[in-house]
Structure formats: C-alpha cells, structure tokens
Amino acid sequence: MRELERIKRIIDLVSQLWTYDHTLTLGRLLEKWIWTDWMASRGDIFQPEDTQTEQRLHESIKRAQASLSSTSELTQLQKDIINKLAELWLHVPDQRFGQFLSNYAFGHFMSHPPKAMLHQSDETILEALQQCTLK
Numbered sequence: 021m022r023e024l025e026r027i028k029r030i031i032d033l034v035s036q037l038w039t040y041d042h043t044l045t046l047g048r049l050l051e052k053w054i055w056t057d058w059m060a061s062r063g064d065i066f067q068p069e070d071t072q073t074e075q076r077l078h079e080s081i082k083r084a085q086a087s088l089s090s091t092s093e094l095t096q097l098q099k100d101i102i103n104k105l106a107e108l109w110l111h112v113p114d115q116r117f118g119q120f121l122s123n124y125a126f127g128h129f130m131s132h133p134p135k136a137m138l139h140q141s142d143e144t145i146l147e148a149l150q151q152c153t154l155k
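Residues in the sequence shown are numbered consecutively from 21, following the numbering used here.
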C-alpha cells in the first residue's frame with residue numbers, strides 16, 4: 021500500500037502551484053510545470069512515481085515564486101476540481117498521481133493524441149470527474 025499522506029501533500033502542492041499560474045487549465049498547468057520533459061519523451065503521464073511528482077511540484081513552486089510576482093485565489097471551478105481529485109484519489113490510493121489522472125480525469129480523452137490529452141477545458145475535466153462512480 022502506498023503512503024496515504026502523499027495524496028494530501030500532492031493535491032495541496034498542485035493547488036499551491038495553480039495559484040501562481042491560475043490562468044492555465046489543470047492539464048496545461050501540469051504539462052508546463054512538471055511533465056514537459058516526460059511528455060516530450062514518452063507522451064503520457066501514467067508512469068512517473070509520486071516521489072518524482074512531489075519533487076517536481078516543490079521545484080516548480082520555487083521556480084514559480086521566482087518568476088511570477090504574485091498569486092491569485094483559485095476560482096470556484098479550480099477549487100471544485102481540486103476537491104474532487106482529493107475525494108476520488110482516496111478511493112484508489114494505490115494509483116500514482118499520473119495514473120489516477122489518466123484513469124479518472126484525462127483518460128476519457130484517450131482517443132485524442134496522447135500529448136493532446138491534457139488539453140481539455142477545466143469544465144470538461146470536472147464533468148468527467150463528477151461522472152466517476154467508485155464502489
């Protein structure tokens with residue numbers, strides 16, 4: 021069993037990073053800040069271990085703090101996405117962050133080219149998350 025506390029840490033880090041670059045969709049945010057090189061070589065977000073993701077989020081927040089002058093409050097839509105991610109991921113804690121997102125948020129768009137999978141609107145992602153049923 022993977023460490024459960026990592027879920028809250030990663031979700032909190034994503035939320036914090038989003039306050040620095042709040043005009044991006046969730047997919048574009050993750051692509052820009054933590055998965056650019058991974059996607060360039062592999063084309064998917066499924067494989068990175070959570071330790072790598074957490075480390076990259078910390079590094080990205082430091083870079084964002086250095087390059088972006090201020091933060092902004094998350095919109096209600098962004099907060100809803102973050103809350104839904106946290107809620108759903110706890111039901112499948114053995115999945116890595118990228119694996120979880122592939123399966124529950126972006127995987128609905130697998131018919132798209134892999135590198136375009138993350139280019140969905142936040143409204144579309146929230147709708148996909150809300151349609152998830154877990155037992």
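Just so it is clear, CB atoms sit at the ideal spot from N, CA and C, and this is done for glycine as well.
Bear in mind that the values here come from a model prediction, so they are computed numbers and not experimental data.
Take residue i as the anchor and find which of the options has the nearest alpha-carbon.
i	options	result
TRP38	GLN96, ILE30, LEU49, LEU108	LEU49
ARG29	TRP53, ILE102, HIS139, THR45	ILE102
GLN150	GLU25, VAL112, GLU51, LYS104	LYS104
HIS139	GLU25, GLU23, LEU46	LEU46
THR71	ILE54, THR144, HIS42, ALA86	ILE54
CYS152	ASP142, GLU143, TYR124	TYR124
PHE126	GLU23, LEU24, GLU51, GLN36	GLU51
THR144	THR56, SER80, ASP100, LEU88	ASP100
ARG22	GLN119, ASP114, LEU146, SER141	ASP114
THR95	GLU147, LEU24, ASP142, ALA148	ASP142
LEU121	PRO68, ASP57, THR56	PRO68
GLU82	ILE31, GLN36, VAL112, LEU24	Inspection of the sequence shows that residue 82 is occupied by Lys rather than by Glu. Of ILE31, GLN36, VAL112, LEU24, the residue nearest in Cα terms is GLN36.
ILE31	GLU147, LEU108, ALA86	LEU108
Just curious, the alpha helix (DSSP H) that residue i is in, first and last residue?
i	result
SER87	70-87
GLU23	Here GLU23 belongs to no alpha helix (DSSP H), and DSSP marks it neither H nor E.
TRP53	46-53
According to the Cβ coordinates, are residue i and residue j closer than 8 Å?
i	j	result
LEU77	VAL34	yes
TYR40	ALA106	no
SER92	HIS42	yes
ARG116	GLU74	no
Between which residues of its own chain and residue i is the CB-CB distance below 7 Å, once the five residues before and five after are set aside?
i	result
LEU44	LYS52
LEU24	PRO113
Segments of 4+ residues assigned as alpha helix (DSSP H) that fall wholly inside the region 91-151: Correct list: 96-109, 117-124, 142-150.
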